[in-house]
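Below you'll find the structure, written out as structure tokens, and then a few comments.
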Amino acid sequence: MRKLLFESLIRPALTERPPLASNAAVDELARALDGAARKRLGRSLAIRAVDAGSCNGCELEMNALNNAFYDIERFGIRFVASPRHADVLLVTGPVTKNMREALKRTYDATPNPKWVVALGDCARDGGCFAGSYAVVCGVSEVVPVDLHIPGCPPPPIEILRGLLALLERVNSRAGVAQG
Amino acid sequence: MPALIDLILTGKRVDNHFPWSRAVVTPKKWSFAVEQLAEGHWSLLGLWGEPGTVHMALLDEAAGDIGVVSLVCPDGRYPSVGRLHSPALRLERAAADLFGLLPQGAPDTRPWLDHGHWGVSYPLSARVRTSAATATPYHFLPVEGESLHQIPVGPVHAGIIEPGHFRFTASGETIVRLEERLGYTHKGIEGLMAGSDIDRAAKLAGRISGDSTVAYSLAFARAVEAALSVEAPPRAVWLRALMAELERLANHLGDIGAICNDAAFALMHAHCGVLRERVLRASDAAFGHRLMRDRIVPGGVATYLTDEGTTAVWSLVAEIRQRFPALVELYDNTASLQDRTVATGRLKVELARQYRAGGYVGRASGRDFDARRSLAYPPYDALTFNVPLLQEGDVNARVWIRIHEVEQSLSLVEQILRQLPGGPIRVDFAQRSGPHEGMALVEGFRGDILAWLRIGKSGLVERCHLRDPSWFQWPLLEAAIEGNIVADFPLCNKSFNCSYSGHDL
Numbered sequence: 000m001r002k003l004l005f006e007s008l009i010r011p012a013l014t015e016r017p018p019l020a021s022n023a024a025v026d027e028l029a030r031a032l033d034g035a036a037r038k039r040l041g042r043s044l045a046i047r048a049v050d051a052g053s054c055n056g057c058e059l060e061m062n063a064l065n066n067a068f069y070d071i072e073r074f075g076i077r078f079v080a081s082p083r084h085a086d087v088l089l090v091t092g093p094v095t096k097n098m099r100e101a102l103k104r105t106y107d108a109t110p111n112p113k114w115v116v117a118l119g120d121c122a123r124d125g126g127c128f129a130g131s132y133a134v135v136c137g138v139s140e141v142v143p144v145d146l147h148i149p150g151c152p153p154p155p156i157e158i159l160r161g162l163l164a165l166l167e168r169v170n171s172r173a174g175v176a177q178g
Numbered sequence: 000m001p002a003l004i005d006l007i008l009t010g011k012r013v014d015n016h017f018p019w020s021r022a023v024v025t026p027k028k029w030s031f032a033v034e035q036l037a038e039g040h041w042s043l044l045g046l047w048g049e050p051g052t053v054h055m056a057l058l059d060e061a062a063g064d065i066g067v068v069s070l071v072c073p074d075g076r077y078p079s080v081g082r083l084h085s086p087a088l089r090l091e092r093a094a095a096d097l098f099g100l101l102p103q104g105a106p107d108t109r110p111w112l113d114h115g116h117w118g119v120s121y122p123l124s125a126r127v128r129t130s131a132a133t134a135t136p137y138h139f140l141p142v143e144g145e146s147l148h149q150i151p152v153g154p155v156h157a158g159i160i161e162p163g164h165f166r167f168t169a170s171g172e173t174i175v176r177l178e179e180r181l182g183y184t185h186k187g188i189e190g191l192m193a194g195s196d197i198d199r200a201a202k203l204a205g206r207i208s209g210d211s212t213v214a215y216s217l218a219f220a221r222a223v224e225a226a227l228s229v230e231a232p233p234r235a236v237w238l239r240a241l242m243a244e245l246e247r248l249a250n251h252l253g254d255i256g257a258i259c260n261d262a263a264f265a266l267m268h269a270h271c272g273v274l275r276e277r278v279l280r281a282s283d284a285a286f287g288h289r290l291m292r293d294r295i296v297p298g299g300v301a302t303y304l305t306d307e308g309t310t311a312v313w314s315l316v317a318e319i320r321q322r323f324p325a326l327v328e329l330y331d332n333t334a335s336l337q338d339r340t341v342a343t344g345r346l347k348v349e350l351a352r353q354y355r356a357g358g359y360v361g362r363a364s365g366r367d368f369d370a371r372r373s374l375a376y377p378p379y380d381a382l383t384f385n386v387p388l389l390q391e392g393d394v395n396a397r398v399w400i401r402i403h404e405v406e407q408s409l410s411l412v413e414q415i416l417r418q419l420p421g422g423p424i425r426v427d428f429a430q431r432s433g434p435h436e437g438m439a440l441v442e443g444f445r446g447d448i449l450a451w452l453r454i455g456k457s458g459l460v461e462r463c464h465l466r467d468p469s470w471f472q473w474p475l476l477e478a479a480i481e482g483n484i485v486a487d488f489p490l491c492n493k494s495f496n497c498s499y500s501g502h503d504l
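Written out as structure tokens, the structure reads:
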């Protein structure tokens, strides 16, 4: 174990340079965050992931955000275990009817101010699962969505871009309020 | 011991069912097959419904034969398989929810996938009924005893994982019973597949379980090709195996790290996470998608694999070969970690055999089955590899099976890259007259995936059923956790790593 730990001291870091915030996401947020609470988040964002019936692909890429390459915590973004600790719900899947209530309750359990990010193509409108008797076709059918990150699944760098846009937007609003 | 083929021969053989046979049998013969299952002579590969018909896929391991028996039951009633052979129970409950097929004599008739939210009952049957979308209370099995308490967990879990409900009954720290309730991610995929063209159905198949998208696409493609008597070109066959092994590597590396992380050993998690990411990046470089989704299509593959892609995979193999042994040594020599994994969550050999547990769950508990070797579908018939086998059945054994499989997959990737033939990567297939049925059994990282489908006259998919290995692993988790402490559940659960979406469909 010591050898591995020493090695990590001398090997160059694997961590990627921070990506630029996604332009598309900034545009979307400009609309979404108007009138949103301006309470300063302290440059941190606590995310509660909710799988509302995804195929698990988005979860895999979300998990990848924690690896050494993306190291999402350096931006102050972290995944939390309870909606009560969360600022953001990161929701995946077309929202199955069997998960609708659980998603709604998770949203209700999240304190204000809160944002909802829908992750993946099927989270927007049900994607290829649209039309099934068992899905409600998109997160926005159940809870208000502030940002959508497309992809099937979106690669980690795209998720990061979207979240950074959210963070920047929230903080710039907060800065205005404070100034 | 009766051979499966004898049973098939007594029934009415169905034309154009490939590569194995299907026969429509009488209720008596159906019950005979159930007895053979219960006595352990054959094993159950799957059970699924259609309006007015129930099918059961069987494996005769002694003869190396697979067959499907079907029972026509216009009134929806058929002799229960689960009554004598419990691995069929949840499959029967699912078929009841979707098709209104009622297993006679089944000990458990609670709904499984249907939570009462769909607004319809029996959505895939010929007599779909609209119903009020009100959740019906679900009755968990009663638990009796002194000083027991219950811990309900889920469907929304604390980590970044899929939804499902676990009901623990504990006596102090010790779990007396775990009961799972699944179905939260049911998307009605089989309903969407029915009547869709092959391309759309293939896309859906690749979205049944994200971590096994390659394996599902492969199972679906092979079933289509079997039905239509199409052969994928050699290069495609080998590229498929390359993708399958890359997927296995990514998942096993991720799992090994995640299991250690659930024992609070973050160092392994960090290093395995790096290796997993390297696999995904190499896959992206080689096939243009990190998870290689939609890269296997009926008739071949969608990506040729360029020289740059080949180089990326070669350097990936070199990187893992260089880094992985130190991690294995770290796992093996960290006493505090071993203390958590050894003798935890033990799955008995007999249960693994009865449930036909696939993948690392089965192979860590003495079940020597791997579809790549047992069925030797191409190109695995031309490749050299071992199937690791252990008897202990604990978390540690499931980690070791994964470790050995990582080593085997590395060797397979090298062999494939060395022997990769040239030529076309996809063939077109013509429509054929009359309905054709095909099936395939493919080894995903989690175990064998069964695909069965019927393509109708118009070339559309009439019915497709895909059975995830998790169907036979989830119930075993309930058994393996008994007597362990609640705090060890994440560890045990991760060592099984069953699929929610693959199971719920």
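Those protein sequences? They're chains A and B, same order as listed. Mapped onto numbering that gives the first Met the number 0, the consecutive letters of the first sequence carry residue numbers 0 to 178. Mapped onto numbering that gives the first Met the number 0, the consecutive letters of the second sequence carry residue numbers 0 to 504. Glycine included, every Cβ here is placed at the ideal spot set by N, Cα and C.
Residue 42(B) - DSSP class collapsed to helix/strand/coil: Here residue 42(B) refers to the residue found at position 43 of the second sequence. Correct three-state label for residue 42(B): strand.
Members of the region 47 to 58 of chain A that neighbour chain B once the beta carbon cut-off is set at 9 Å: 47, 48, 49, 50, 51, 52, 53, 54, 55, 56, 57 and 58
Range of the contiguous alpha helix (DSSP H) that encloses residue 242(B): Walking along the second sequence from the start, residue 242(B) turns up at place 243. First-last of the alpha helix (DSSP H) with residue 242(B): 233 to 261.
6 Å CB neighbourhood of residue 281(B) in its chain, flanking five on each side removed: Counting from 1 along the second sequence, the entry for residue 281(B) is found at position 282. Answer for residue 281(B): 311, 312 and 315, listed in chain order.
Alpha-carbon spacing of residue 491(B) relative to residue 400(B), whole angstroms: Residue mapping note: residue 491(B) aligns to position 492 of the second sequence, counting from 1. Residue mapping note: residue 400(B) aligns to position 401 of the second sequence, counting from 1. Residue 491(B) and residue 400(B): Cα-Cα distance of roughly 15 Å.
Contact list for residue 379(B) against chain A, beta-carbon separation under 9 Å: Within the second sequence, residue 379(B) is the residue found at index 380, counting from 1. Neighbours of residue 379(B) on chain A: none; closest Cβ ~26 Å, over 9 Å.
Exposure of residue 261(B), with buried meaning 16 or more beta-carbon neighbours within 10 Å: If you number the second sequence from 1, residue 261(B) lands on position 262. So residue 261(B) ends up on the buried side.
Cβ-based contacts, 9 Å cut-off: residues of the region 146 to 159 of chain B near chain A: 153, 154, 155, 156, 157, 158 and 159
Beta carbon of residue 67(A) nearer than 8 Å to that of residue 13(A): Taking the first sequence and counting its residues from 1, one reaches residue 67(A) at position 68. Taking the first sequence and counting its residues from 1, one reaches residue 13(A) at position 14. Yes, the Cβ-Cβ distance between residue 67(A) and residue 13(A) is below 8 Å.
Any 3 or more C-beta pairs closer than 8 Å across the region 68 to 82 of chain B and the region 137 to 156 of chain B: no
Distance, residue 124(A) Cα to residue 44(A) Cα: The count along the first sequence starts at 1 and reaches residue 44(A) at position 45. The count along the first sequence starts at 1 and reaches residue 124(A) at position 125. Taking the straight line from one Cα to the other gives about 26 Å.
Per DSSP, the bridge partner or partners of residue 440(B): Here residue 440(B) refers to the residue found at position 441 of the second sequence. Note: residue 440(B) sits in a beta bridge opposite 449(B).
Close beta carbons around residue 235(B), own chain, < 6 Å, minus the five adjacent residues each side: Against the second sequence, residue 235(B) aligns to sequence position 236. Counting only Cβ-Cβ distances below 6 Å, and skipping sequence neighbours, we find 299, 300 and 424.
DSSP state of residue 475(B) mapped onto helix, strand, coil: The residue given as residue 475(B) occupies position 476 in the second sequence. Helix at residue 475(B).
Cβ neighbours of residue 16(B) in the same chain (closer than 6 Å, five flanking residues each side left out): Numbered from 1 along the second sequence, position 17 holds the residue referred to as residue 16(B). So the list reads 436, once near-sequence residues are dropped.
Own chain residues within Cβ distance below 7 Å of residue 91(A), not counting five before or after: In the first sequence, residue 91(A) corresponds to position 92, counting from 1. Same-chain partners within the cutoff: 50, 51, 53, 57, 58, 118, 119 and 122.
Burial state of residue 456(B), where buried means 16 or more other Cβ atoms lie within 10 Å: Position 457 of the second sequence, counting from 1, holds the residue named residue 456(B). By the 10 Å Cβ count, residue 456(B) comes out exposed.
Listed by chain order, chain B residues near residue 134(A) by CB distance under 8 Å: For the purposes of this step, residue 134(A) is taken as the residue at position 135 of the first sequence. Going along chain B in sequence order, the residues near residue 134(A) (Cβ under 8 Å) are 186 and 187.
Contact residues within the region 84 to 97 of chain A, judged by C-beta distance below 9 Å to chain B: 89, 92, 93, 95, 96 and 97
Beta-carbon contacts of residue 91(B) that lie in its chain and below 7 Å, excluding the five residues immediately before and after: Taking the second sequence and counting its residues from 1, one reaches residue 91(B) at position 92. 46, 79, 80, 81, 102 and 105, listed in sequence order.
C-alpha distance - residue 138(A) paired with residue 102(A), whole-angstrom precision: Here the question's residue 138(A) lines up with position 139 in the first sequence. Here the question's residue 102(A) lines up with position 103 in the first sequence. Computed Cα separation, rounded: 9 Å.
Those runs of the beta strand (DSSP E) which lie wholly inside the region 44 to 70 of chain B and span at least 3 residues: 52 to 59
Identified DSSP bridge partners for residue 11(B): By one-based count along the second sequence, residue 11(B) stands at place 12. Note: residue 11(B) sits in a beta bridge opposite 23(B).
For residue 464(B): DSSP bridge partner residues: Position 465 of the second sequence, counting from 1, holds the residue named residue 464(B). Paired residues: 451(B).
8 Å Cβ cutoff, residue 507(B) in contact with chain A: Residue 507(B) cannot be examined here, being either before or after the span of chain B that is shown, 0 to 504.
Burial state of residue 390(B) (16 or more Cβ within 10 Å): In the second sequence, counting from the first residue as 1, residue 390(B) sits at position 391. Answer is exposed; the Cβ neighbour count stays below 16.
Close-in-space but distant-in-sequence residues of the same chain around residue 161(B) (CB under 7 Å, 5 per side omitted): For the purposes of this step, residue 161(B) is identified with residue 162 of the second sequence, where counting begins at 1. For residue 161(B), where only same-chain residues beyond five positions count, the Cβ hits under 7 Å are 184, 499 and 500.
Neighbour flag for residue 139(A) against chain B, beta carbons, 8 Å: Here residue 139(A) refers to the residue found at position 140 when the first sequence is read from its first residue. No, its Cβ sits nowhere closer than 8 Å to a Cβ of chain B.
Interface flag, residue 220(B) vs chain A, CB-CB below 8 Å: On the second sequence, residue 220(B) is found 221 positions in, with the first residue counted as 1. Cβ-Cβ to chain A under 8 Å: no for residue 220(B).
Integer-rounded CB distance, given that residue 47(A) should sit under 8 Å from residue 94(A): Position 95 of the first sequence, counting from 1, holds the residue named residue 94(A). Position 48 of the first sequence, counting from 1, holds the residue named residue 47(A). No, residue 94(A) and residue 47(A) are not in contact; Cβ-Cβ is about 16 Å, not under 8 Å.
Pairwise C-alpha distance: residue 71(A) and residue 272(B): Against the second sequence, residue 272(B) aligns to sequence position 273. Against the first sequence, residue 71(A) aligns to sequence position 72. So the alpha carbons of these two residues sit roughly 14 Å apart.
Three-pair Cβ contact test at 8 Å for the region 479 to 496 of chain B versus the region 339 to 347 of chain B: yes
Any chain A beta carbon closer than 8 Å to residue 289(B): Here residue 289(B) refers to the residue found at position 290 of the second sequence. Output row for residue 289(B): interface = yes.
Straight-line gap, residue 209(B) to residue 55(A) (C-alpha atoms, nearest Å): Position 210 of the second sequence, counted from the first residue, corresponds to residue 209(B). Position 56 of the first sequence, counted from the first residue, corresponds to residue 55(A). In a straight line, the C-alpha of residue 209(B) is about 5 Å away from that of residue 55(A).
Pair within 8 Å by beta-carbon distance, residue 24(B) and residue 39(B): As a first step, residue 24(B) is located in the second sequence; it is residue number 25 there, counting from the start. As a first step, residue 39(B) is located in the second sequence; it is residue number 40 there, counting from the start. Cβ atoms of residue 24(B) and residue 39(B): not closer than 8 Å.
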